[in-house]
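Asker: For the sequence shown, my numbering begins at 41 and goes up steadily by one. Ideal placement from N, C-alpha and C gives every residue a C-beta, glycine not left out. Please read these numbers as outputs of a predicted model, since none were measured by experiment. Just dropping this structure here.
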Amino acid sequence: MEMASAKILVVDDDEAIRTLIERFLKQKNYRVESAKDGKSALQAFDAFNPDLVILDLNLPDYTGFSLCQQMQESTDVFVLMLTSRSDTSDKKEGFKKGADDYLTKPFDLEELEFRVGAILKRQRTVSTSEQKSLVFGELVIDPVRREVKIDGELVVITALEFDLLHFLASRPDRVWRRSELIQQVWDYDYVGDQRVVDVHIGQIRKKIEPDSS
């Protein structure tokens, strides 16, 4: 799938921002739907089946955290969260709920385009050399189905968590700096607290290591 044909759902209760993003992305040849609240967002999500959701943190009937979690429970959709706050704790909570990236309002439309493109580049076909499942005891990582299983049981994992886990598991003998992981997995130079890598790794460990708590 070419990135420009990707389907994007924009969820924001601010009509001006929602319309601005929708028009801009349509100009870039993305297929775009929008919603003004959590209820209509979930309806549009089911009907539209987007590749990416651009999701405002504060909605009148839901929080972006809860919506992100609900959407991630049923699909491996990518989520770019929008917030007017620069609080690091908000960002960490969003990443824990499955968000792939954060953008703080006000933002430049070129930055939005850049981040959308970087996220969608990860929804990629798996090269022949990467198609083999990785097996570590009871842990199996299947890059074709993008599934993780432990002792035959499917592990619920987000798209970004899978990418990070598969990347690290494919290179078990290498120690990576946070900046290197962001460049390799996020696929761009992340501007912000690089400890977001620690948050994602912590979430992965909770899911695959029974004694990680």
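Looking at the structure shown, is Ser74 part of a helix, part of a strand, or coil, going by DSSP?
Answerer: Along the sequence shown, one-based indexing puts residue 74 at 34. Strand at Ser74.
Asker: Please list the terminal residues of the continuous beta strand (DSSP E) segment that includes Glu187.
Answerer: For the purposes of this step, residue 187 is taken as residue 147 along the sequence shown, with counting starting at 1. Looking at the DSSP string, the run of the beta strand (DSSP E) that includes Glu187 is Glu187 to Ile190.
Asker: Could you tell me the distance, in whole angstroms, from the CA atom of Gly242 to the CA atom of Lys161?
Answerer: For this step, residue 242 is matched to residue 202 along the sequence shown. For this step, residue 161 is matched to residue 121 along the sequence shown. Near 24 Å, if we compare the C-alpha coordinates of Lys161 and Gly242.
Asker: Roughly how many angstroms separate the alpha carbons of Leu152 and Leu174, rounded to a whole number?
Answerer: Locating residue 152 in the sequence shown gives position 112, counting from the first residue. Locating residue 174 in the sequence shown gives position 134, counting from the first residue. The alpha-carbon atoms of Leu152 and Leu174 are separated by roughly 34 Å.
Asker: Assuming Arg63 and Leu120 make a contact with CB atoms under 8 Å, what is their CB distance in whole Å?
Answerer: The count along the sequence shown starts at 1 and reaches residue 63 at position 23. The count along the sequence shown starts at 1 and reaches residue 120 at position 80. Arg63 to Leu120, Cβ: 17 Å. No contact.
Asker: What does Thr123 pair with, by DSSP beta-bridge criteria?
Answerer: Counted from its first residue, the sequence shown places residue 123 at position 83. In the DSSP output, where bridge partners are listed per residue, Thr123 has Thr144.
Asker: Using C-beta distances below 7 Å, list every residue in its chain close to Phe135, excluding the 5 sequence neighbours before and after it, in chain order.
Answerer: Residue numbering aside, residue 135 sits at position 95 when the sequence shown is read from its first letter. Once the five neighbours on either side are set aside, the close Cβ partners of Phe135 are Val236, Val239 and His240.
Asker: Counting C-beta neighbours from all protein chains within 10 Å, is the total for Leu204 16 or more, i.e. buried, or is it exposed?
Answerer: The residue you call residue 204 lines up with position 164 of the sequence shown. Classification for Leu204: buried.
Asker: Going by C-alpha distance, which of His206, Lys246, Arg245 and Ile197 is nearest Ser114?
Answerer: Start at 1 with the first residue of the sequence shown, and residue 114 comes out as number 74. The shortest Cα separation from Ser114 among His206, Lys246, Arg245 and Ile197 belongs to Ile197.
Asker: Return the bridge partner residues of Phe135 from the DSSP annotation.
Answerer: Stepping through the sequence shown from its first residue, residue 135 is reached at position 95. Beta-bridge pairing links Phe135 to no other residue.
Asker: Within the same chain, show all residues whose beta-carbon is closer than 7 Å to that of Asp96, passing over the 5 residues directly before and after it, in chain order.
Answerer: Taking the sequence shown and counting its residues from 1, one reaches residue 96 at position 56. These residues qualify, in order along the chain: Val51, Asp52, Asp53, Gly104 and Leu122.
Asker: Which two residues bound the contiguous beta strand (DSSP E) that contains Lys47?
Answerer: On the sequence shown, position 7 is the one that residue 47 refers to. Lys47 to Val51 is the extent of the beta strand (DSSP E) around Lys47.
Asker: Apart from the five residues on each side of it in sequence, which residues of its chain come closer than 7 Å, Cβ to Cβ, to Pro100?
Answerer: Along the sequence shown, read from residue 1 onward, the residue named residue 100 stands at position 60. Once the five neighbours on either side are set aside, the close Cβ partners of Pro100 are Asp53 and Asp77.
Asker: Put Val215 into one of helix, strand or coil per three-state DSSP.
Answerer: Start at 1 with the first residue of the sequence shown, and residue 215 comes out as number 175. It is coil, neither helix nor strand.
Asker: For Asn98, which residues in the same chain have their Cβ closer than 6 Å to its Cβ, ignoring the five residues on either side in sequence?
Answerer: Along the sequence shown, one-based indexing puts residue 98 at 58. Here the set comprises nothing.
Asker: Alpha carbon to alpha carbon, what distance is there between Ala139 and Val72?
Answerer: In the sequence shown, counting from the first residue as 1, residue 72 sits at position 32. In the sequence shown, counting from the first residue as 1, residue 139 sits at position 99. Each residue's alpha carbon lies about 19 Å from the other.
Asker: According to the Cβ coordinates, are Pro90 and Leu149 closer than 8 Å?
Answerer: By 1-based counting over the sequence shown, the position of residue 90 is 50. By 1-based counting over the sequence shown, the position of residue 149 is 109. Going by C-beta atoms, Pro90 is not nearer than 8 Å to Leu149.
Asker: Determine which residues share a DSSP beta bridge with Asn98 and list them.
Answerer: Stepping through the sequence shown from its first residue, residue 98 is reached at position 58. Per DSSP, Thr103.
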